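Asks:
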Amino acid sequence: MSPHEIAITPFDGQKPGTSGLRKKVMVFRQPGYLEAFVQSVFDTQADLRGGTLVLGGDGRFFNRQAIQVILRMAAANGIARALVGRAGILSTPAASAVIRRHGAQGGLVLSASHNPGGPDGDFGIKFNIGNGGPAPESVTEAIYRRTTQIERYRVFDHHDLDLDHVSLQHINGMAVEVIDPVDDYAALQETLFDFEAIRALIRRPDFRFRFDAMHAVTGPYAKRLLVEMLGAPADAVINAEPKEDFGGHHPDPNPAHAEALYRETVLEARLDFAAASDGDGDRNMILGRGIAVSPSDSLAVLAANATLVPGYAKGLAGVARSMPTSRAADAVAAGLGIASFETPTGWKFFGNLLDAGRITLCGEESYGTSSAHVREKDGLWAVLFWLNLLAVKPGETVASLLTTHWRRFGRHYYSRHDYEAVDAGIAAAALQRLRDALPSLPGNRIGGLVVTTADDFAYTDPIDQSISTGQGLRVVCGEQARVIARLSGTGTEGATVRLYFELFEADPARQRDDVQARIAPLVDFAEHMTGLRAASGRRGPDVIT
Ligand code: G16
Numbered sequence: 001m002s003p004h005e006i007a008i009t010p011f012d013g014q015k016p017g018t019s020g021l022r023k024k025v026m027v028f029r030q031p032g033y034l035e036a037f038v039q040s041v042f043d044t045q046a047d048l049r050g051g052t053l054v055l056g057g058d059g060r061f062f063n064r065q066a067i068q069v070i071l072r073m074a075a076a077n078g079i080a081r082a083l084v085g086r087a088g089i090l091s092t093p094a095a096s097a098v099i100r101r102h103g104a105q106g107g108l109v110l111s112a113s114h115n116p117g118g119p120d121g122d123f124g125i126k127f128n129i130g131n132g133g134p135a136p137e138s139v140t141e142a143i144y145r146r147t148t149q150i151e152r153y154r155v156f157d158h159h160d161l162d163l164d165h166v167s168l169q170h171i172n173g174m175a176v177e178v179i180d181p182v183d184d185y186a187a188l189q190e191t192l193f194d195f196e197a198i199r200a201l202i203r204r205p206d207f208r209f210r211f212d213a214m215h216a217v218t219g220p221y222a223k224r225l226l227v228e229m230l231g232a233p234a235d236a237v238i239n240a241e242p243k244e245d246f247g248g249h250h251p252d253p254n255p256a257h258a259e260a261l262y263r264e265t266v267l268e269a270r271l272d273f274a275a276a277s278d279g280d281g282d283r284n285m286i287l288g289r290g291i292a293v294s295p296s297d298s299l300a301v302l303a304a305n306a307t308l309v310p311g312y313a314k315g316l317a318g319v320a321r322s323m324p325t326s327r328a329a330d331a332v333a334a335g336l337g338i339a340s341f342e343t344p345t346g347w348k349f350f351g352n353l354l355d356a357g358r359i360t361l362c363g364e365e366s367y368g369t370s371s372a373h374v375r376e377k378d379g380l381w382a383v384l385f386w387l388n389l390l391a392v393k394p395g396e397t398v399a400s401l402l403t404t405h406w407r408r409f410g411r412h413y414y415s416r417h418d419y420e421a422v423d424a425g426i427a428a429a430a431l432q433r434l435r436d437a438l439p440s441l442p443g444n445r446i447g448g449l450v451v452t453t454a455d456d457f458a459y460t461d462p463i464d465q466s467i468s469t470g471q472g473l474r475v476v477c478g479e480q481a482r483v484i485a486r487l488s489g490t491g492t493e494g495a496t497v498r499l500y501f502e503l504f505e506a507d508p509a510r511q512r513d514d515v516q517a518r519i520a521p522l523v524d525f526a527e528h529m530t531g532l533r534a535a536s537g538r539r540g541p542d543v544i545t
């Protein structure tokens, strides 16, 4: 049987953002919209033909329908084998693990990450390459170019496959293996961490911990790892059933959206350790009794203590962080005498450094941390890492690990202020005001600090020399402080402006928990330079992390 060729005209705006193509569900449900993007992937990625494609998503609304469509198209485009997570489920880090373990040529991950789901929510699709990581800009650009010229897509007529049982099925010549979505991922984690030590910690009657899967993809992963393999009580994992609309919530693990967990652990100090992960399982939030771990600090603490964990016992090749992430990890790298790298926002920029063996750990302020074990950020990996550290450092708590760390390396106070769904024109104008002022800023003062450099961040990849410009406006006061402004590349409504503030305090006697008060002069400076609040009529940010 030969495939149907269905004529289509290009859709506007199929340009992947920070992490794949993210749009409202209703945009994706327009006839031919998903197909146009998927065909553009197949048309530009020649090595998928005759190869293996990994397919799965975070279980959000439209996940199952999209998978059936993509399978029929994959068969019509000559893909030999598709590996699909049971029930269409594969967390983002699990998809990366499956691609790598099975030597697949690539994968399509269906997710809009932390964005809300349901019929009125968001959907997304991301192409990952054979190293298991998000496609680099050269690939996403080629896919985008193709979407602007696409005239037809190829598809077979075929009934829906049964995705709910591990099985081998076929669509014409293409084998479709429905696989357990957790097996490969769990096996990989077991090679990295001291499960026996973590088991002993979790079984301690005085150790109270909870993991919130936020009704998103990590439920089955957390149940397998934390409950079945590590012996946690079943009720330690909450909101563990993936739902198409994430229970009506915003599956973003931060103090605003995991509010109850934050209150119970940080404000009421009733749990020793708590964590949450996002829609597709790549983000993590770590909390301890009375304290929240800033994602930037989390990367730094993991790097500083990595040799205590079996998978990293030999030490780290280097660390990398995205530009807006605090420089806490750089301080650790300097202390350990290893390399550190600063990349643009987006996990795809870590791929080359990881493949080249230049770094072992990497992370971002946006609640993402991971290592060379996959090519994505990995929420549960970070949770296991913290548990492993607590398990092998008897008497230590999350709070004591942090204060010891700050005493040794100094503290990078850090906060991000998000202004969401701002009118795109107002947002662009606010950033342009700051951009225009950049050349005149060095030498000026912000409070008592002197601006040393101010620029629009551009990155030259140290491995392939590719250049990415326009990656965020930064105003730097030496080692003391930074103010950064950029537009989010993951929002689907208007523009989301992100303002990032970092202030360094070396003196342990002055390292109190007063982040927002400390950074207030930096916040005022940002408003002075951008006029964002005044122009948008907002009184303050929608989300503070
Ligand atoms: C994605 C990217 C991250 C990025 C984050 C925020 O995460 O993978 O690298 O830091 O978005 O990006 P932006 O500031 O452009 O919104 P996720 O978890 O949404 O896939």
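Numbering (the numbering used here), first residue to last: 1 to 545.
Built from N, CA and C at the ideal position, the CB exists for glycine as well.
In this text the structure is predicted, and so the values were computed from the model without any measurement.
1) Identify, in the order they occur along the chain, each residue of the same chain with its Cβ nearer than 6 Å to the Cβ of Gly132, setting aside the five sequence neighbours on each side.
2) The alpha helix (DSSP H) that contains Tyr185, what's its start and end?
3) Taking C-beta to C-beta, are Thr265 and Gly379 nearer than 8 Å?
4) Give, in chain order, every unbroken run of the beta strand (DSSP E) that is at least 3 residues long and sits entirely within the segment 332-392.
5) Bridge partners of Glu559, per DSSP?
6) Do you know whose CA, among Leu438, Gly395, Trp347, Ala535, lies nearest Ala430's CA?
7) When DSSP builds the beta bridges, which residues end up paired with Lys24?
8) From this set, Ala175, Pro16, Val25, which residue's C-alpha is nearest Gln141's C-alpha?
9) Please work out which residues of its chain come closer than 6 Å, Cβ to Cβ, to Ala306, disregarding the five sequence neighbours upstream and downstream, and give them in chain order.
10) Would you mind stating whether Lys243 and Asp122 have Cβ atoms separated by less than 8 Å?
11) Gly50: beta carbon under 7 Å from a heavy atom of ligand 1?
12) Would you tell me roughly how many angstroms separate the C-alpha atoms of Tyr367 and Leu353, rounded to the nearest one?
13) In this structure, does DSSP put Pro3 in helix, strand or coil?
14) Can you look up His249 in the DSSP assignment and give me helix, strand or coil?
15) Between Pro251 and Ser111, what straight-line distance do the alpha-carbon atoms span, to the nearest angstrom?
16) Verify whether the separation of the beta carbon atoms of Phe207 and Ala76 is less than 8 Å.
17) Thinking Ala328 and Phe409 are a contact (beta carbons under 8 Å), I'd like their distance in whole angstroms, please.
18) Straight-line CA distance for Ala213 to Phe273?
19) Just list the residues that DSSP pairs Met285 with in beta bridges.
20) Can you tell me which of the three DSSP states His528 falls into?
21) To the nearest whole angstrom, what separates the beta carbons of Thr369 and Asn284, a pair I think is in contact under 8 Å?
22) With DSSP as the reference, label Asn131 as helix, strand or coil.
23) Could you check whether Leu302 and Leu361 sit closer than 8 Å to each other, using their CB atoms as the reference points?
24) Between the Cα of Asp355 and those of Gly88, Leu21, Pro134, Ser2, spot the shortest distance and give me the residue it belongs to.
25) Whose C-beta lies closer than 8 Å to the C-beta of Asp162 among residues of the same chain, with five residues either side of it excluded?
26) Exposed or buried, Ser326, counting other C-beta atoms within 10 Å across all chains shown (16 or more means buried)?
27) How would you call Ile467, buried or exposed, if buried means at least 16 neighbouring beta carbons within 10 angstroms?
28) Just to confirm my understanding: we take Leu21, look at its own chain, exclude 5 residues before and 5 after, and list those with CB closer than 8 Å. What are they?
29) Counting Cβ pairs closer than 8 Å, one from the segment 453-466 and one from the segment 490-499, do we hit at least three?
30) Quick one: residues in its chain with C-beta nearer than 8 Å to the C-beta of Ala304, no 5 flanking neighbours on either side, listed in chain order?
31) Between the alpha carbons of Asn239 and Ser488, how many angstroms are there, rounded?
32) Can you list, in chain order, the residues of its chain whose CB lies under 8 Å from that of Asp436, leaving out five sequence neighbours each side?
33) Would you identify the three-state DSSP class for Phe501, choosing helix, strand or coil?
34) Determine the extent of the beta strand (DSSP E) in which Leu53 is found, giving its start and end residues.
35) Report the rounded CA-to-CA distance for Gly472 versus Arg210, giving the unit in angstroms.
36) Just the Cα atoms here: how many angstroms apart are Arg358 and Ile89?
Replies: Taking the definition as stated:
1) For the purposes of this step, residue 132 is taken as the residue at position 132 of the sequence shown. So the qualifying residues of the chain are Ser96, Ile99, Arg100, Val374, Arg375.
2) Position 185 of the sequence shown, counting from 1, holds the residue named residue 185. 183-192 is the extent of the alpha helix (DSSP H) around Tyr185.
3) Taking the sequence shown and counting its residues from 1, one reaches residue 265 at position 265. Taking the sequence shown and counting its residues from 1, one reaches residue 379 at position 379. No.
4) You should have 339-343, 361-364, 368-371.
5) Residue 559 is absent from the structure shown; the chain starts at 1 and stops at 545.
6) Residue 430 sits at position 430 when you count from the first residue of the sequence shown. Minimum Cα distance to Ala430 is reached at Ala535.
7) Indexing the sequence shown from 1 puts residue 24 at position 24. Per DSSP, Asp122.
8) Stepping through the sequence shown from its first residue, residue 141 is reached at position 141. According to the sequence as given, residue 141 is Glu; it is not Gln. Among Ala175, Pro16, Val25, the Cα nearest to that of Glu141 belongs to Pro16.
9) Here residue 306 is taken as the residue at index 306 of the sequence shown, counted from 1. Same-chain partners within the cutoff: Tyr312, Leu316.
10) Within the sequence shown, numbered from 1, the residue matching residue 243 stands at position 243. Within the sequence shown, numbered from 1, the residue matching residue 122 stands at position 122. Their beta carbons are not under 8 Å apart, which means Lys243 does not touch Asp122 by this criterion.
11) For the purposes of this step, residue 50 is taken as the residue at position 50 of the sequence shown. Result no, Cβ not under 7 Å from ligand 1.
12) Your numbering for residue 367 matches position 367 in the sequence shown. Your numbering for residue 353 matches position 353 in the sequence shown. It is roughly 20 Å from the alpha-carbon of Tyr367 to the alpha-carbon of Leu353.
13) Taking the first residue of the sequence shown as position 1, residue 3 is located at position 3. It is coil, neither helix nor strand.
14) The residue you call residue 249 lines up with position 249 of the sequence shown. Coil.
15) Here residue 251 is taken as the residue at index 251 of the sequence shown, counted from 1. Here residue 111 is taken as the residue at index 111 of the sequence shown, counted from 1. Roughly 12 Å between the two C-alpha positions.
16) Translated into the one-based positions of the sequence shown, residue 207 becomes position 207. Translated into the one-based positions of the sequence shown, residue 76 becomes position 76. For the pair Phe207 and Ala76, the CB atoms are not nearer than the 8 Å cut-off.
17) Taking the first residue of the sequence shown as 1, we reach residue 328 at position 328. Taking the first residue of the sequence shown as 1, we reach residue 409 at position 409. Beta-carbon to beta-carbon, Ala328 and Phe409 are separated by about 7 Å, close enough to satisfy the 8 Å threshold.
18) Counted from its first residue, the sequence shown places residue 213 at position 213. Counted from its first residue, the sequence shown places residue 273 at position 273. Ala213 and Phe273 have their C-alpha atoms some 15 Å from each other.
19) Against the sequence shown, residue 285 aligns to sequence position 285. Met285 pairs with Ala276.
20) Residue 528 sits at position 528 when you count from the first residue of the sequence shown. For His528, the three-state secondary structure derived from DSSP is helix.
21) Position 369 of the sequence shown holds residue 369. Position 284 of the sequence shown holds residue 284. Rounded to the nearest angstrom, the Cβ distance from Thr369 to Asn284 is 6 Å, consistent with a contact under 8 Å.
22) As a first step, residue 131 must be located in the sequence shown, where it is residue number 131. Correct three-state label for Asn131: coil.
23) Locating residue 361 in the sequence shown gives position 361, counting from the first residue. Locating residue 302 in the sequence shown gives position 302, counting from the first residue. Yes.
24) Counted from its first residue, the sequence shown places residue 355 at position 355. Taking only the C-alpha atoms, the option nearest Asp355 is Pro134.
25) Counting from one through the sequence shown, the residue named residue 162 turns up at place 162. If we look at Asp162 and ignore the five residues flanking it on each side, its Cβ neighbours are Gln169, Val178.
26) Your numbering for residue 326 matches position 326 in the sequence shown. By the 16-neighbour rule on beta-carbons within 10 angstroms, Ser326 is buried.
27) Reading the sequence shown from its first residue, position 467 is the one you call residue 467. Looking at its Cβ environment, which holds fewer than 16 other Cβ atoms inside 10 Å, Ile467 is exposed.
28) If you number the sequence shown from 1, residue 21 lands on position 21. Excluding its 5 nearest sequence neighbours in each direction, Leu21 has C-beta neighbours in its own chain below 8 Å: Gln14, Lys15, Phe37, Gly124, Ile125, Lys126, listed in chain order.
29) No, because fewer than three Cβ pairs between the segment 453-466 and the segment 490-499 fall closer than 8 Å, the two stretches do not touch.
30) Counted from its first residue, the sequence shown places residue 304 at position 304. Cβ within range, chain order: Val332, Gly335, Leu336, His405, Arg408, Phe409.
31) The sequence position of residue 239 within the sequence shown is 239, counting from 1. The sequence position of residue 488 within the sequence shown is 488, counting from 1. Each residue's alpha carbon lies about 28 Å from the other.
32) Reading the sequence shown from its first residue, position 436 is the one you call residue 436. Here the set comprises nothing.
33) For this step, residue 501 is matched to residue 501 along the sequence shown. DSSP places Phe501 in strand when its eight states are reduced to three.
34) Mapped onto the sequence shown, residue 53 falls at position 53. For Leu53, the uninterrupted beta strand (DSSP E) segment begins and ends at 52-57.
35) Position 472 of the sequence shown, counted from the first residue, corresponds to residue 472. Position 210 of the sequence shown, counted from the first residue, corresponds to residue 210. Going by the C-alpha atoms only, they are around 36 Å apart.
36) Translated into positions along the sequence shown, residue 358 becomes position 358. Translated into positions along the sequence shown, residue 89 becomes position 89. Cα to Cα, the separation comes out at about 32 Å.
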